[in-house]
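Note that UniProt numbering numbers the sequence shown so that position 186 is 186, with each residue one more than the last.
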Amino acid sequence: MTEAAKLTLSGQDHDYPVLSGSVGPDVVDIRKLYGQTGAFTYDPGFTSTASCQSKLTYIDGDEGVLLHRGYPIGELAEQSSFMEVCYLLLNGELPTADELEKFSWTISRHTMVHEQLAQFFRGFRRDAHPMAIMCGVVGALSAFYHDSTDIHDPQQRMIASHRLIAKMPTIAAMAYKYSVGQPFLYPDNSLSYTGNFLRMTFGVPAEQYEVNPAVEKAMDRIFILHADHEQNASTSTVRLAGSSGANPFACIAAGIACLWGPAHGGANEAALNMLHEIGTPERIPEFIARAKDKNDPFRLMGFGHRVYKNYDPRATVMQKTVREVFAALNVQDPLFETALRLEEIALSDDYFVEKKLFPNVDFYSGVILSAIGFPTSMFTVLFALARTVGWVAQWNEMITDPDQKIGRPRQLYTGPTQRAYVPVGQR
Ligand code: CMC
Numbered sequence: 001m002t003e004a005a006k007l008t009l010s011g012q013d014h015d016y017p018v019l020s021g022s023v024g025p026d027v028v029d030i031r032k033l034y035g036q037t038g039a040f041t042y043d044p045g046f047t048s049t050a051s052c053q054s055k056l057t058y059i060d061g062d063e064g065v066l067l068h069r070g071y072p073i074g075e076l077a078e079q080s081s082f083m084e085v086c087y088l089l090l091n092g093e094l095p096t097a098d099e100l101e102k103f104s105w106t107i108s109r110h111t112m113v114h115e116q117l118a119q120f121f122r123g124f125r126r127d128a129h130p131m132a133i134m135c136g137v138v139g140a141l142s143a144f145y146h147d148s149t150d151i152h153d154p155q156q157r158m159i160a161s162h163r164l165i166a167k168m169p170t171i172a173a174m175a176y177k178y179s180v181g182q183p184f185l186y187p188d189n190s191l192s193y194t195g196n197f198l199r200m201t202f203g204v205p206a207e208q209y210e211v212n213p214a215v216e217k218a219m220d221r222i223f224i225l226h227a228d229h230e231q232n233a234s235t236s237t238v239r240l241a242g243s244s245g246a247n248p249f250a251c252i253a254a255g256i257a258c259l260w261g262p263a264h265g266g267a268n269e270a271a272l273n274m275l276h277e278i279g280t281p282e283r284i285p286e287f288i289a290r291a292k293d294k295n296d297p298f299r300l301m302g303f304g305h306r307v308y309k310n311y312d313p314r315a316t317v318m319q320k321t322v323r324e325v326f327a328a329l330n331v332q333d334p335l336f337e338t339a340l341r342l343e344e345i346a347l348s349d350d351y352f353v354e355k356k357l358f359p360n361v362d363f364y365s366g367v368i369l370s371a372i373g374f375p376t377s378m379f380t381v382l383f384a385l386a387r388t389v390g391w392v393a394q395w396n397e398m399i400t401d402p403d404q405k406i407g408r409p410r411q412l413y414t415g416p417t418q419r420a421y422v423p424v425g426q427r
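Have a look at this one:
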């Protein structure tokens, strides 16, 4: 602990401990503030508030650094697999070869969903957004897996975590299949986690599906890039939902609902839609002008970040992956040229430079995902699939944290003070 922070309020001095993490800004521990002073702190959007302690991910937004359990995201994306990263997030260390094999085997044994769960899909309209289906179906898992909802039993927590990671690709693929009117495919556990997902999504029962190894690798890398990201909105939602003791399936459904928003996971869909709207590089200045106009709600989607005030390291990997996927599939997409040019123009514009707005993970992901064959409506679903491991790892960490309490923020009340009720006839 370093020196205490001093606060003077109404002429009284108060000391608050300053806590240091292993790296990153110190935090002022204000847990006793209200008890000692009767005052709250005010921090809408939690821009300066650490809501918990965590050992999972670390971001240095100024330097553009993202670490998972200490390992840089670029190294993990280049050298590891999504299964390795899942193990790392859940267990704290990279697995040995034996541990990885056992873990992958365990996950593969949970890939099927209860047969009756398929009935749920039929209750949705065919044109339902797949994220709407994900919220409903993942929440419904609580009704199927009662034997893993006791949050105080570490064994049940582990099984629920494995189930969520394993079943998410199956449910995501089913959401896609339902929207295109094709039959659901059962998982094939002889394939990798990612290969299996690609087959369940793009395969049909009438034909043999060959997994393209380059696409499988790119998809696996995209999953790694999205695996966890500190206390972002959906992760905080999962923690907040879990803080009341809600079961893990309900908590992850809450995370999915939060992720759906265009300022968070929905930005990859919005970014590609924006690139389509811009069309050709000649129209970029018009959209840059709109993004800068205070009276226009338009924002450059895939740009800016609450924490990164530098290039998002995930965007660097994404940009490289676009080229690899295009080469593997032998495709070209003029939108990629538009995206590159847009980035170039924005990064040399004073507005974006001064506000430190750089491309984030979502700027290039849409271009890759559509080259692979996903419709835009599936983009956020893929984010949810990959982020599930981060959510469950954070949820587990929260449950075992001795400082954990139900999340219950305070407020600055600005409404009417107490007043007497006036009967309707006298108003
Ligand atoms: N285009 C134009 N201006 C922007 C943008 C943008 N994309 N992002 C931020 N700004 C401006 C904003 O208008 C504000 O200006 P001023 O200070 O003059 O009012 C300033 O930059 C700071 O923005 P903010 O909204 O106060 O910052 P925030 O930390 O609350 O928001 C953000 C972060 C990601 C919601 C925001 O940058 C944004 O809306 N970006 C577009 C959506 C997007 O790409 N989201 C994906 C985030 S990465 C994936 C994920 O983690 O979910």
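Note that beta-carbon positions come from the ideal geometry of N, C-alpha and C, so glycine has one too.
No experiment lies behind these values; they were computed from the predicted model shown.
query: Start-to-end residues for the alpha helix (DSSP H) that takes in Y87; result: 82-91
query: Straight-line gap, Q156 to D150 (C-alpha atoms, nearest Å); result: 6 Å
query: Start-end ranges of the beta strand (DSSP E) lying completely within the stretch 69-147, minimum 3 residues; result: none
query: Cβ-Cβ distance between S236 and H264 below 8 Å; result: no
query: Extent of the continuous beta strand (DSSP E) to which H14 belongs; result: 12-19
query: Residue span of the beta strand (DSSP E) that contains T57, given as start and end; result: 57-60
query: Q156, enclosing alpha helix (DSSP H) - first and last residue; result: 154-180
query: Within the stretch 282-312, ranges of the alpha helix (DSSP H) (whole runs, at least 4 residues); result: 284-292
query: Distance cut-off 7 Å: V65 Cβ against heavy atoms of the ligand CMC; result: no
query: Where the alpha helix (DSSP H) containing M378 begins and where it ends; result: M378 -> no alpha helix (DSSP H), and no H or E assigned at all.
query: Length-filtered (3 minimum) beta strand (DSSP E) runs lying within the stretch 201-261; result: none
query: Distance, Y364 Cα to G202 Cα; result: It should be pointed out that residue 202 corresponds to Phe in this sequence rather than to Gly. In a straight line, the C-alpha of F202 is about 22 Å away from that of Y364.
query: Where K320 falls: helix, strand or coil (DSSP); result: helix
query: Span of the alpha helix (DSSP H), counted from its first residue to its last, around T49; result: First-last for T49: undefined, no H or E at that position.
query: A271 (DSSP reduced to helix, strand or coil); result: helix
query: Through-space distance from G407 to P17, alpha-carbon basis; result: 21 Å
query: Unbroken alpha helix (DSSP H) run spanning Y34, endpoints; result: 33-37
query: Proximity winner among D228, V353, C251, relative to V389 (alpha-carbon distances); result: D228
query: Closest by C-alpha distance to A118, when choosing among P375, H162, C86, P183; result: P183
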